[in-house]
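Chemist: Structure below; questions to follow.
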Amino acid sequence: MNFKEEKIITKAILVGIVTDGASEEAEISIKELERLLDTAGGETFATVIQNKSTPDPRTLIGKGKVAEIAALCSDNGVKLVIFDEELSPAQIRNLEEDIGNDVNVIDRSMLILDIFALHAVSGEGKLQVELAQLKYTAPRLMGRGTELSRLGGGIGTRGPGESKLESDRRHIKRRIDALEDEIDKLSATRRTMRAARDRSGLKKIAIVGYTNAGKSTLLNRLTQAGILAEDKLFATLDPTTRKFTLPGGETVLLTDTVGFIRKLPHHLINAFRSTLDEAVCADIIMILSDASDPEYLSQLECTEQTLEDLGAGEKPTLYVFNKCDKGTYDDPIIDRSRHRQNVVCISAKTGQGCQRLAEKLEELVHEGKSRVTFKIPNAEQGELNRLYKDATVEDVEYGAEFVTVTAVVDSKVRGMLRKYDIDPPKKEEY
Numbered sequence: 001m002n003f004k005e006e007k008i009i010t011k012a013i014l015v016g017i018v019t020d021g022a023s024e025e026a027e028i029s030i031k032e033l034e035r036l037l038d039t040a041g042g043e044t045f046a047t048v049i050q051n052k053s054t055p056d057p058r059t060l061i062g063k064g065k066v067a068e069i070a071a072l073c074s075d076n077g078v079k080l081v082i083f084d085e086e087l088s089p090a091q092i093r094n095l096e097e098d099i100g101n102d103v104n105v106i107d108r109s110m111l112i113l114d115i116f117a118l119h120a121v122s123g124e125g126k127l128q129v130e131l132a133q134l135k136y137t138a139p140r141l142m143g144r145g146t147e148l149s150r151l152g153g154g155i156g157t158r159g160p161g162e163s164k165l166e167s168d169r170r171h172i173k174r175r176i177d178a179l180e181d182e183i184d185k186l187s188a189t190r191r192t193m194r195a196a197r198d199r200s201g202l203k204k205i206a207i208v209g210y211t212n213a214g215k216s217t218l219l220n221r222l223t224q225a226g227i228l229a230e231d232k233l234f235a236t237l238d239p240t241t242r243k244f245t246l247p248g249g250e251t252v253l254l255t256d257t258v259g260f261i262r263k264l265p266h267h268l269i270n271a272f273r274s275t276l277d278e279a280v281c282a283d284i285i286m287i288l289s290d291a292s293d294p295e296y297l298s299q300l301e302c303t304e305q306t307l308e309d310l311g312a313g314e315k316p317t318l319y320v321f322n323k324c325d326k327g328t329y330d331d332p333i334i335d336r337s338r339h340r341q342n343v344v345c346i347s348a349k350t351g352q353g354c355q356r357l358a359e360k361l362e363e364l365v366h367e368g369k370s371r372v373t374f375k376i377p378n379a380e381q382g383e384l385n386r387l388y389k390d391a392t393v394e395d396v397e398y399g400a401e402f403v404t405v406t407a408v409v410d411s412k413v414r415g416m417l418r419k420y421d422i423d424p425p426k427k428e429e430y
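Using my numbering, read the sequence shown as starting at 1 and increasing by one per residue.
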């Protein structure tokens with residue numbers, strides 16, 4: 001007899017608070033929290049939002065709302081309550097005591113960490129998740145006198161498992177130090193890889209944007225990368241780099257990065273610093289936005305602010321609005337962008353607009369460069385190697401006395417090879 005295994009879905013009550021009259025923003029944030037819960041494998045049973053001028057220092061929300069949530073949990077067998085705001089260890093302890101019935105209380109950051117633990121694939125990704133969990137989640141669990149082995153038991157408690165987290169408070173610092181050492185070693189390896197990419201002379205382009213904007217789908221479309229692309233938040237944690245050939249034949253490196261989100265905690269940014277540095281070290285930033293999402297403008301602002309926080313806000317940027325095949329975005333989308341000339345609308349799913357995207361990338365890559373023809377004496381053909389290394393060679397013609405080379409070069413390379421330039425600019429133009 002065959003028994004079909006029934007998947008148990010965790011029901012949760014979501015809680016938000018409005019303190020400054022921004023009820024619409026709170027509704028948007030709670031809907032996003034619903035999607036986060038869905039990604040974690042849970043289901044929203046009810047949503048509770050309280051208007052309160054001043055958050056209660058003991059439980060964030062008022063006594064009446066806590067009692068309402070307690071009744072909902074008791075009457076319906078709900079064992080998980082998720083707050084959209086960050087909770088202190090004391091607030092978690094107080095809420096769990098007041099709600100009772102062994103209900104687990106977590107906050108938005110803990111839920112995001114849970115999803116990260118679910119999606120981490122690489123060794124470095126798993127270490128980063130564990131480090132972030134220990135620094136953020138462990139003190140909150142211990143604050144209510146619960147053993148760390150509780151991690152691994154469901155949404156908000158998922159992690160590397162008991163084998164690494166059954167230590168008591170005295171061993172946490174030791175584990176954090178060990179994780180930081182391991183991550184530092186992996187970061188050094190990543191820096192070595194970046195240095196190798198730098199020596200290759202290939203331009204580095206980072207695809208960044210709000211979570212679920214379609215970054216992985218775009219990288220797959222452009223490079224056949226074959227990476228996971230799901231309609232889930234934070235489906236990608238580990239950066240993936242692939243070569244991409246521009247229309248003119250030049251090769252660049254495209255890197256898919258972890259998505260951004262509202263209220264992304266700073267400790268999480270710090271934990272994933274080595275991964276996010278892919279954006280910091282890139283030559284060009286490609287910001288991808290979901291044009292079909294009604295909140296695309298606020299999501300774009302969140303992405304830009306995160307890039308500013310990372311120190312990558314001033315890099316050459318191409319704004320790419322994805323999912324335009326859905327036809328739900330409005331025309332002012334381009335006019336409202338800061339850099340209208342560097343905007344393109346595409347569909348990563350269908351390929352619509354991707355040729356134009358490649359052309360815009362090529363324009364950015366060649367910004368500040370010019371197409372120059374050099375006549376190099378055969379006896380000095382070694383200079384040709386410099387062009388292959390530091391420029392984009394488009395055509396080479398070997399003659400009896402000279403090699404004639406057409407290449408796209410920057411002002412520095414052109415100045416170094418000035419004596420071979422058949423039409424050199426004036427010296428002050430370099």
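The C-beta atom is built at its ideal place from N, Cα and C for all residues, glycine as well. Every value quoted in this text rests on a predicted model; they were computed, and no experiment measured them.
Would the beta-carbon of Ala358 fall within 8 angstroms of that of Leu219?
Modeler: Going by C-beta atoms, Ala358 is not nearer than 8 angstroms to Leu219.
Chemist: Using only alpha-carbon positions, find the residue among Gln50, Thr211, Glu86, Ile115 that is nearest to Thr303.
Modeler: With distances taken between Cα atoms, Thr303 lies closest to Thr211.
Chemist: If you draw a straight line from the C-alpha of Lys315 to the C-alpha of Tyr296, how long is it?
Modeler: Distance between the alpha carbons of Lys315 and Tyr296: 21 angstroms.
Chemist: If you follow the beta strand (DSSP E) that Glu308 is in, where does it begin and where does it stop?
Modeler: No beta strand (DSSP E) contains Glu308, which is instead part of the alpha helix (DSSP H) from 296-310.
Chemist: To which residues of the same chain is Pro424 closer than 7 angstroms at the C-beta, ignoring the five residues directly before and after it?
Modeler: Correct list, in chain order: Arg418.
Chemist: When you compare the region 26-34 with the region 92-104, are there three or more beta-carbon pairs, one atom per stretch, that lie closer than 8 angstroms?
Modeler: With a cut-off of 8 angstroms, the region 92-104 and the region 26-34 do not count as touching, because too few Cβ pairs lie within range.
Chemist: Nearest to Ala12 by CA position, among Asp309, Ile285, Asp107, is which residue?
Modeler: Nearest option by C-alpha distance: Asp107.
Chemist: Quick one: grab the DSSP three-state call for Thr491.
Modeler: For residue 491 there is no data in the structure shown, the boundaries of the chain being 1 and 430.
Chemist: Taking all protein chains shown into account, decide if Asp444 is buried (16 or more other Cβ within 10 angstroms of its Cβ) or exposed.
Modeler: The first residue shown for the chain is 1 and the last is 430, placing residue 444 beyond what the model contains.
Chemist: Should Lys185 be labelled buried (16 or more other beta-carbon atoms within 10 Å of its own) or exposed?
Modeler: So Lys185 ends up on the exposed side.
Chemist: Exposed or buried, which one is Glu363 when buried takes at least 16 other CB atoms within 10 Å?
Modeler: Counting Cβ neighbours within 10 Å, Glu363 comes out exposed, since fewer than 16 surround it.
Chemist: In three-state DSSP terms, what is Phe234?
Modeler: Coil.
Chemist: Suppose the cutoff is 6 angstroms on Cβ atoms and the five residues either side in sequence are ignored; what does the same chain contact list for Ser435 look like?
Modeler: Lying outside 1 to 430, the shown extent of the chain, residue 435 is not represented and no answer is given.
Chemist: May I have the straight-line CA-CA distance separating Thr440 from Ala348, to the nearest angstrom?
Modeler: Nothing about residue 440 can be reported from this structure: the residues present for the chain run from 1 to 430 only.
Chemist: CA-CA distance, Cys281 and Ile172?
Modeler: Distance between the alpha carbons of Cys281 and Ile172: 32 angstroms.
Chemist: According to DSSP, simplified to helix, strand and coil, what is Cys354?
Modeler: Cys354 falls in the helix class under three-state DSSP.
Chemist: With H, G and I counted as helix, E and B as strand and the rest as coil, what does DSSP make of Gly123?
Modeler: Looking at Gly123 - three-state DSSP - the assignment turns out to be helix.
Chemist: Hey, Leu37 and Leu111 are a contact pair by Cβ (cut 8 angstroms); roughly how many whole angstroms apart?
Modeler: About 7 angstroms separates the two Cβ atoms, so the contact holds.
Chemist: Tell whether a beta-carbon distance below 8 angstroms holds between Lys323 and Gly214.
Modeler: Cβ atoms of Lys323 and Gly214: closer than 8 angstroms.
Chemist: Only counting the same chain, and skipping five residues up and downstream in sequence, which positions put a Cβ closer than 8 angstroms to that of Thr54?
Modeler: Correct list, in chain order: Thr19.
Chemist: Going by DSSP, what residue range makes up the beta strand (DSSP E) through Gly209?
Modeler: Gly209 -> beta strand (DSSP E) spans 203-209.
Chemist: Output yes or no for whether 8 angstroms exceeds the beta carbon distance between Lys52 and Gly64.
Modeler: No, the Cβ-Cβ distance between Lys52 and Gly64 is not below 8 angstroms.
Chemist: Over the uninterrupted beta strand (DSSP E) stretch that includes Ile8, give me the two end residues.
Modeler: Here Ile8 belongs to no beta strand (DSSP E), and DSSP marks it neither H nor E.
Chemist: Apart from the five residues just before and just after Val129, which ones in its own chain have a Cβ nearer than 6 angstroms to its Cβ?
Modeler: Excluding sequence neighbours, Val129 sits near Phe116, Ala117, Ala120.
Chemist: Go through its chain and collect everything with a Cβ distance to Glu68's Cβ below 8 angstroms, but skip five positions before and after it.
Modeler: Excluding residues within five positions, the ones whose Cβ falls inside 8 angstroms are Val48.
Chemist: Taking the beta strand (DSSP E) that Glu43 belongs to, which residues open and close that run?
Modeler: Taken as a continuous stretch (DSSP letters only), the beta strand (DSSP E) holding Glu43 covers 42-51.
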